[in-house]
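In mature numbering (1 follows the signal peptide of the UniProt record, and there is no 0), the protein residues as written are -22 to -1, 1 to 415.
Using N, Cα and C, we set each Cβ at its ideal position, and we do this for glycine too.
Worksheet for the structure shown next.
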Amino acid sequence: MISKSVSIFLLLALFSIKYSEGQSCPTGFQLVNQNKCLRVFAQKLKHLEAETDCSYLGGTLVTIKTAIDNRVIANIAANAGASSIWIGIFCFATGNTTTCYHDDNSGELTYNSFASGNPAVTGNGGCVYMQTSGKTSGQWLSAPCAVVGMSFVCEVPMTVADPTCSHNYNGYCYTGSTEMHLATINTTYDRAQSICQSKNSDLVSIHSKQELDFIRAIYRNSGIQQIFVGAQAFLPDTFDWSDGSNWDFDYTDPLATSKGNCLVMDLSDRPNNGMWSQTDCQNVNFFLCKRKIGDATVATTVATAETTEAVNPKFKRASRAAIRNELLDFSNCNSTLVLAPGTITSFGYPNTKPPITTCTWNIGTLGPYRVGVYFTDFSVYNAVYVYDEYGNIISSVTGNMRPFQVLGTSNVVTIAHDSRFDAAYNYNGFSATILPY
């Protein structure tokens, strides 16, 4: 007779086997080292073009965090005929790997395989590629992002197999209202949520830039301009996800002026689409349902009173700014590097008599993205200059301005301002939100 403890062990083992068998990669991707879903693209593209192709799949260029992964990736790329590949790392300074960041938002490098003298950002650029053949196979080198075309490897999260799911990502199935054969494919928020729940789903919650990019790709070339996302206000201007998950990612449009207790996601053809703005819940919109597949374990966490308060970070920042002591400086003036997302202000803002200061802000975002600068308050005498990574002026604005945006052409911009005349002529400075797009 089998003991009760053995029976429990066997039952758990069967569940474990079923679960591991359910782990899969999306169509076209191969499972590597039991922890990565990778796809090699042999065609040669410039860095941003390669990153864009990966984003359409809900991923980034491949991230490499162990020597084992490095060897395997070099081999599979070489077998596909690629002698060099873009990888998911961007560096902001020469000879300093602590300024190198993974594309997947996991932070600074903990492992590297840089060739001697690299990263060599000065004169080359911050993008990184890997040699896959010869004596330098597996070594990483710096290269100019916008000049050189290379093969590349995309990485997406592992998921769970579901043959009934057309849009399968990171353990969840996404179904748009246009795919449901409904009598009405756009409706109010409450009705949309009811339809989703009738299909064991909820209106979509979004927890990373990669997930947001995957959703953007679902609607690419669809002609649909916006959809409801699954968030509602529980206090004025303060939202949480209706499915109970944490508000751990925010992509609220800093320049949006509309008001309401629900959120819509912009899907227009502007380059920085995907941002969220408030809307009346009784408005009629297309919508997207999100269903967890089986017993998938994913990064999304459930909000509880003991963990993270579900408050939109945009409004957390605003509330802090309202009560700060003007003797303290939150401007990020003359910082070595400001990584998006974040906020910068002129020195002393919002002091009505700003101190005389010349400030420079070096702003960057992760390799897959470009920098968007959203000026939410703007009152200066001398111009605020925005430069691209090569020192070319993108924007030069002065005076009292309504909120406006400046979109960088890459993931690095520099902003400069001389405030010497602001106080004398009653200008109070500026504040800007920095977001990746």
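query: Those residues which DSSP pairs with residue 414 across a bridge; result: 349
query: DSSP-derived helix/strand/coil call for residue 189; result: helix
query: Buried/exposed call for residue 353, threshold 16 Cβ in 10 Å; result: buried
query: Residue 159 versus residue 221 - alpha carbon distance; result: 24 Å
query: Segment contact, 8 Å Cβ cut-off, at least three pairs: the stretch 342 to 360 with the stretch 378 to 392; result: yes
query: Alpha carbon of residue 180 to alpha carbon of residue 164, nearest angstrom; result: 16 Å
query: Cα-Cα separation, residue 11 to residue 44; result: 11 Å
query: Close-in-space but distant-in-sequence residues of the same chain around residue 262 (CB under 7 Å, 5 per side omitted); result: 164, 165, 166
query: Residue 69 beta carbon less than 9 Å from that of residue 104; result: yes
query: Completely contained beta strand (DSSP E) runs for the stretch 177 to 244, where each covers 3 or more residues; result: 204 to 213, 216 to 219, 240 to 244
query: Spatially closest choice to residue 156 from 30, 149, 174, 168, by CA coordinates; result: 174
query: DSSP state of residue 80 mapped onto helix, strand, coil; result: strand
query: With 16 other Cβ atoms within 10 Å as the buried cut-off, status of residue 237; result: exposed
query: Same chain, Cβ closer than 7 Å to residue 310, neighbours up to 5 away in sequence not counted; result: 316, 322, 339
query: N-terminal and C-terminal residue of the beta strand (DSSP E) that residue 340 is part of; result: 336 to 342
query: Delimiting residues of the beta strand (DSSP E) encompassing residue 133; result: 128 to 134
query: Segments assigned alpha helix (DSSP H), at least 4 residues, entirely inside the stretch 36 to 101; result: 45 to 57
query: Supposed close pair residue 255, residue 266 - CB separation, criterion 8 Å; result: Going by Cβ atoms, the distance from residue 255 to residue 266 rounds to 16 Å, so no, they are not a contact pair.
query: Residues sharing a beta bridge with residue 154, DSSP; result: 266
query: Neighbour-count burial assignment, residue 82, 16 or more Cβ in a 10 Å radius; result: buried
query: Alpha-carbon spacing of residue 318 relative to residue 415, whole angstroms; result: 10 Å
query: Element boundaries [alpha helix (DSSP H), containing residue 315]; result: Run containing residue 315: none; DSSP gives neither H nor E here.
query: Alpha carbon of residue 185 to alpha carbon of residue 124, nearest angstrom; result: 30 Å
query: Cβ neighbour criterion (16 or more within 10 Å) applied to residue 402; result: exposed
query: Close beta carbons around residue 260, own chain, < 8 Å, minus the five adjacent residues each side; result: 166, 167
query: Beta-carbon spacing of residue 335, residue 359 below 9 Å; result: no
query: 7 Å CB neighbourhood of residue 59 in its chain, flanking five on each side removed; result: 20
query: Assigned secondary structure, residue 163 (DSSP; H/G/I helix, E/B strand, else coil); result: coil
query: Alpha-carbon spacing of residue 110 relative to residue 102, whole angstroms; result: 20 Å
query: Beta-bridge pairing of residue 14 - partner residues as DSSP gives them; result: 10
query: Residue 105, enclosing alpha helix (DSSP H) - first and last residue; result: Segment 105 to 109 is the beta strand (DSSP E) holding residue 105; no alpha helix (DSSP H) there.
query: Candidates 79, 3, 74: closest to residue 93 by CA position; result: 74
query: Residue 33 - containing alpha helix (DSSP H), residue span; result: 25 to 34
query: Distance, residue 208 Cα to residue 219 Cα; result: 6 Å
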